[in-house]
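In what follows, a structure is listed as C-alpha cells, so that the remarks can point back to it.
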Amino acid sequence: MLEPTDAGSRPGRERELASLYATARALTALGDVEDVLGSVVRHAHDLIGTDFTYLSLLGDDGTLSITASEGTISAAFRSARIPPHTGLGGRVVDSRAAHWVEHYFEGGRLRHDPDFDAVVGSEGLVALLGVPLLVRDRVIGALFAAHRSRRRFRTDEIALLSAFADHAAIALDNARLYEQSRSALAELQSAYRTIEEQMAVMRRAQAVHEALTGVVLAGGGPVVVADELAGQMGGRVEILDGGGAPLARGGAAPPPHGQPDGDEVAGVVEQARVTGRAVTAPGRDGRWHSAATVRAGDSLLGTVVWSHSQEPSDVDVRGLELATHVVGLLILKDNAVADAAERLNGELLTELIVAGPPVSATQRTRARSRGVDLDALNVVAVAGADGVSAARLVRHLHAIARQEAGLAGEHLGHAVLIAPAADAGVFAQNVHQRLRADCGRPVTVVCERVAGHDWARAVSRATGCTAVVRHLGARDLGTTTDRFALYALAFDADRRDELDRFLADAIGPLLDYDARRSTDLVATLDAYFGNDGNLRRTAGALRVHLNTLLKRLDRVADVLGHDWRATDDLPLRLAIRLECLRRAVLR
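The sequence shown begins at 80 in our numbering and counts up one residue at a time.
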C-alpha cells in the first residue's frame, strides 16, 4: 500500500464533518439490518465521492461477501466472494486497519485470487480504499470506496471513511440487536398467547399430577401409581420399563370382545420413543391408545400407555405427559435404590474373593440381609464381550444375580457372577443366552465350580480360562473350565510350577535367547505351526521376507541344539502353544 497523501486545508471540510455526524445520527435511528446496510453504502458514496462504494460482511469461514453497494456495478461483482486473507479486503481484515492501492493489480504485496481478479478486471476497478468495520474490537466486515481510474487516496479521505465506518459498524450492530429483540418479543407474545390458551388444560392436568405426586410421597409404588392414574383418567394404564417390559398395570381390563390391540399398542409406544412426544392411535377393538415416554435427560426410563374407549382430548394428553414426570421420579428412586444395592453386592463379592475362606459371621449377616446364602454359592461365572465394558456386563449380571440369589460385581476389570447352580454347564449356557440377548452381540461366559468357599481360586481359574478361550478364537459360547482341561496348565495357578518345568525342558533355551536378545523366536514358531509349516504363508503372517524366516528357523535349531524339523515336533508344538496361552492369561 502506498502512503496516503495529505490534503492540507480543503474547502468544505466543515461541511463534510457536519454531513458525517448527521449521517451517523440517521444511521442510529434505523432499525432493520437491510436498511442500515443500504444507508451505510449510500451515505458513504455521497461523502467520499468515488465511482462506486460497497460493503462486505465477514462470514464464519472468514470469507467476505458483498451485501450492499452504491454506484453502477455488475451482478457478477455483487455476488463475488473474497476468500480469507485475499486481496485488499483480506489485508484490511487481517490488519484491522485501513489500506488502499493506487492500482489494484499493481499492489504487489496483495495476495490475489484468480476468480476475484477476473471479476475486478471485468468491473474496471483500479483504485481501491478499504476500512474495517469494528464492533467491540471485533471485525465484522469492511467498507470500500473504489475508482475506475488510477488515483491516490488522501489522508482526510481515509480518516473520513474510517470515521464513517466506525459509526456504521455501531449502527449495524444496533440493528442486529434490534432485530433479535423484536424477534424475541414476537416469540414471547406468541408464547404468552399459547400459555393463556392452555391454562384451562394445565389446571385439569395439574390436578392429576398433584394426585399422583401425593401417591408417590406416601410411598406408593408403580402399581399404586398406575391404579391412581387410571382412576383419575379412566380406562386402563400400563407402565413399561426402559426395555419395554411391564412394570405395573391399573384400571379396567380390556373388553373380551373384539380383536387384540397388541400391534397398535406396540406401534404407539415405538413412535413415542422415536419422536419423544405423546402419540395417540385408534385400535381395532374401538379403543384409543396413547403413549408418552418417561425420560431423564437423554435417558429413556420407561413409557406410560393409556387405553380408553373415547378419543383423548388435549387435556387428557397433557395429563398423561405430566404423569410421566411423576413416574420418572418413581423410577429414578427405584433405580437409585437398586444401584445402591448393586454397589453393596459388588463390594461384598469383592470382599469374599479377596478375603478368602473361612467366611466370617459379619459376611454371613450381610449376605442374609440381601437374601443370599453364602453356603449355596457354588459356581463362579466370568463374562466378556468385544466392545462391551465390564461395567455394562455387570449391570446385566446384577439382574441375573437377583433372580438366582447370587452376587455380581466387577473384580480386577472382569465381570463376575457368584451364584448357586445344580449344573455348572447348564448355568453357563443360560447366563450366556441372557447376556447375548441383553447386549445384542456375541458374549463369552466361563464357569468354574467353587469348593470350600474358595471363590478366589474359582475366579482365578475362570478368568484365566476366559483369556485362553478368547485367545483360541472363541467369542460366543457358555462353557465351563472342564471343557478346556487340556489347557489347564496355562490358566490354573496351582499348576504353574508344572507348566514352568515343562516349558523349561521343552523350549527353555528359546525363552532365554528371546529374553537376552530381545527377539521373538517363540512367536516365529507359533506362526510357523499355525500355518501348517507353509513357509510363504508364515512369512506373510509375520510380514518378513522368506529368507529372513528361513534364517530364524535355522536359528531355532541352533538354539535348541538339534534339528527340530527332522524329528517329532509334537512336544515343541505343545510347548509353543502353552507359552502363547500363558502370555494371553498374564496380559
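We treat Cβ as the ideally placed atom computed from N, Cα and C, and that holds for glycine. Please read these numbers as outputs of a predicted model, since none were measured by experiment.
Contacts around residue i, its chain only, beta-carbon distance under 7 Å, and the 5 residues preceding and following it disregarded
i	result
residue 556	511, 523
residue 227	130, 203, 204, 205
residue 663	546, 547, 550
residue 508	557
residue 451	484, 485, 486
residue 337	Its pLDDT being 46, under 50, residue 337 is placed unreliably by the model, and the measurement read from it follows with that caveat. Closer than 7 Å at the Cβ level, and outside the excluded window around residue 337, lie 363, 364, 365.
residue 173	164
C-alpha gap between residue i and residue j, whole angstroms
i	j	result
residue 627	residue 491	41 Å
residue 166	residue 261	37 Å
residue 458	residue 446	16 Å
residue 533	residue 436	6 Å
residue 350	residue 145	46 Å
residue 577	residue 379	53 Å
residue 412	residue 300	10 Å
residue 218	residue 117	19 Å
residue 425	residue 418	10 Å
residue 506	residue 666	28 Å
residue 487	residue 463	14 Å
residue 265	residue 208	41 Å
residue 421	residue 477	7 Å
residue 195	residue 153	13 Å
residue 251	residue 257	10 Å
residue 497	residue 444	17 Å
residue 536	residue 562	17 Å
residue 402	residue 369	13 Å
residue 618	residue 611	12 Å
residue 396	residue 312	10 Å
residue 157	residue 113	15 Å
residue 184	residue 377	57 Å
residue 449	residue 480	11 Å
residue 467	residue 321	19 Å
Spatial neighbours of residue i in its chain, beta-carbon cut-off 8 Å, leaving aside the 5 residues before and after
i	result
residue 589	600, 601, 604, 635, 638, 639
residue 367	359, 360, 361, 386, 387, 388, 389, 390, 391
residue 430	442
residue 475	513, 514, 517, 518
residue 314	330, 331, 366, 385, 386, 387, 388
residue 182	205, 206, 229
residue 629	614
residue 643	635, 636, 651
Where residue i falls: helix, strand or coil (DSSP)
i	result
residue 392	coil
residue 320	strand
residue 448	helix
residue 181	coil
residue 702	Residue coverage of the chain in this structure runs from 80 to 666, which leaves residue 702 outside it and unanswerable.
residue 217	strand
residue 588	helix
residue 233	strand
residue 484	coil
residue 438	coil
residue 358	strand
residue 499	coil
residue 369	strand
residue 594	helix
residue 683	Here the chain comprises residues numbered 80 to 666, so residue 683 is not present and cannot be evaluated.
residue 206	strand
residue 657	helix
residue 405	helix
residue 649	helix
residue 329	strand
Exposed unless 16 or more other CB atoms sit within 10 angstroms - verdict on residue i
i	result
residue 307	buried
residue 559	buried
residue 641	exposed
residue 501	exposed
residue 624	exposed
residue 170	buried
residue 439	exposed
residue 539	buried
residue 503	buried
Paired residues, beta bridge with residue i - DSSP
i	result
residue 133	148, 223
residue 523	463, 556
residue 378	375
residue 643	Looking at the DSSP assignment, residue 643 forms no beta bridge with any residue, so it has no partner.
residue 211	221
residue 476	Residue 476 pairs with nothing; no bridge assigned.
residue 385	316, 369
residue 489	494
Neighbourhood of residue i by C-beta, 6 Å cutoff - its chain only, sequence neighbours within 5 removed
i	result
residue 544	525, 560, 563, 570
residue 119	134, 247
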